[in-house]
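Sequential numbering from 9 applies to the sequence shown in our numbering.
All C-beta atoms, glycine included, are put in the ideal place defined by N, C-alpha and C.
Written out below as structure tokens is the structure these notes cover.
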Amino acid sequence: MMLRLLIWSIFSGLALAGGLMAHKEGKLTAWNLWFKEWLSGEDKTYSGVRFEVDLVDRLNFVRIGVRQPLLKVDVELEAWLEKEFPTMVLDDATRISELVQSQAPRYLRVSVCTASGPTLRSLLDQYHDFGQSIGGEMTHLACAVRESAGGLMHQSLLIVGQRLEDFSPEVMASSKEEAFFSTCPHCQHPHIVRISRQQNSLGLECPQCRRTYAVVATDADGHYRFVNEFLTGYAPPAVFSKDDSRVHELFTIWAAVHANCVYTKDPGSKKAATDAWQTSLDTQRKGQGDCEDSAIFLCDWLLSRGFQARVALGRYGDLGGHAWVVVKLDDKEYLLESTEGRPDPSNPPLVSRVGSRYVPEIMFDRYALYVHSTPGQAWKGDYWSTKIWTRVEPRSLKARLQTAAGKEGEANPPEANQRVARASRPNPASAPFVELKEIPKDASIWQMPLSLGQEKLGKEPPR
């Protein structure tokens, strides 16, 4: 009798302890809610997909009320989350934010929220306060759910972030944002770039390999374009003698541009701003332009006549930023200055003779940009060496970005942790943005009062 009483006492104690533990962990409530939904049959039709649809609707309902853009589901981020969430530890939101941004570097900022409850429906209400706090700058979200406690509980993770658009001149013009996503074509390093709307000409430099991979500028209409796209293929109407040598034709075109140029100072519309760039046709129509405008005009005309020519942007002595044209003809390199001096066929401006004070930083022709293969490399006067210059096609950035976007869901190497800001609400002043370099504005504008070179080429002006 005593043995039976002892056994019943032990079993009662264990049952009481288990009940208290289950109550403390919320399992009694979970069993109760689960049993009620099982009896009613409601849980059979409410899936994880339905939960996500309802969650997105609730979050966007709040944003509609305050006239904020609707959140969109990021399919790539969600695919990565579904893969990682089953084994993810949810006790540290900051660590989760860092993990997300290391795997998805195109996100400028990320906020995360977790919820746990006996049923999927019970999780929705837990996101109410978080939904109220989501800022208007957030654009995309991803969500995942999993079972826990042997199927008696559910856990969910919601990621909301500001997903940056791929960098391009067209996106810069259509968007009011100042931060964009880009991938370096030299080293494939993904990073965030930030632009200054006060500058009309900007250079993109990779924060990892420190090499320039694109330069953009605004045209006369305020539209952004890659600088090589200012070389449109325009050539003024002119007739050249078939008996002229290529060197003579080169000097004739150079003289036609140069002889009709009058230089005046260009203070710029704003003290901190750079002037807009012009195409060759714009320059001819307006009759004025600064050093890069005249260099573009001269180079465009030479390219149209079949010359191997490039516009060079860099420094001239102690005078700062400048632009000029280099031409390779018959294994000789010519440096054509479109802003000073006079063309003299008897004294050709060979690079080896006049180029010591000119230090190019970037060059471009109609199709590509040419940048230093090694940053900080000492300049030795060779404008055409493939060992010194790396060719970059700016329009290939779009294809590279699309390829990189397809890999965002894949695991990245450890160095990815240095690519973007980590905090869920980073301080833009401290985030490792790529600051776009300003191209120094030139000090002079040239004016062309006559029809381009027609008198010099033996043609009468049109009537």
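Where residue 260 is concerned, the enclosing alpha helix (DSSP H) starts and stops at 254-266.
A distance below 8 Å separates the beta carbons of residue 123 and residue 164. The region 46-95 contains, as complete alpha helix (DSSP H) runs of 4+ residues, the segments 56-73 and 83-92 (chain order). Within the region 170-211, complete alpha helix (DSSP H) segments of at least 4 residues are found at 177-182, given in chain order. Going by beta carbons, residue 233 and residue 224 fall inside the 8 Å limit. By the 16-neighbour rule on beta-carbons within 10 angstroms, residue 287 is buried.
About 6 Å separates the beta carbons of residue 132 and residue 62, which is inside the 8 Å limit, making them a contact pair. About 22 Å separates the CB atoms of residue 368 and residue 259; that is not less than 8 Å, and the two are not in contact. Exclusion of the five residues before and after residue 222 leaves 212 and 402 as the residues of its chain whose Cβ lies within less than 6 Å of its Cβ.
Straight through space, the alpha carbons of residue 398 and residue 291 are spaced by roughly 29 Å.
Taking each of 141, 330, 372 and 385 in turn and checking the Cα distance to residue 316, the smallest one comes out for 372. Contact check between the region 375-395 and the region 334-347: three or more CB pairs, one atom from each, fall below 8 Å, which counts as touching. Leaving aside the five residues that flank residue 140 on each side, the residues in its chain whose CB is nearer than 7 Å to its CB run, in chain order, 70.
When beta bridges are read from the DSSP output, residue 121 appears opposite 166. With respect to the C-alpha of residue 130, the residue from 145, 160 and 120 having the closest C-alpha is 160. Around the C-beta of residue 365, fewer than 16 other C-beta atoms lie within 10 Å, and the residue is accordingly described as exposed.
Looking at the backbone, the Cα of residue 189 and that of residue 200 are separated by about 5 Å.
Cβ neighbours of residue 299 within its own chain (closer than 6 Å, five residues either side excluded): 330, 331, 347 and 450. Taking C-beta separations shorter than 7 Å and ignoring five residues to either side along the sequence, the partners of residue 363 in its chain run 343 and 389, following chain order. Collapsing the DSSP output to three states places residue 104 in a helix. DSSP places residue 329 in the uninterrupted beta strand (DSSP E) bounded by 329-337.
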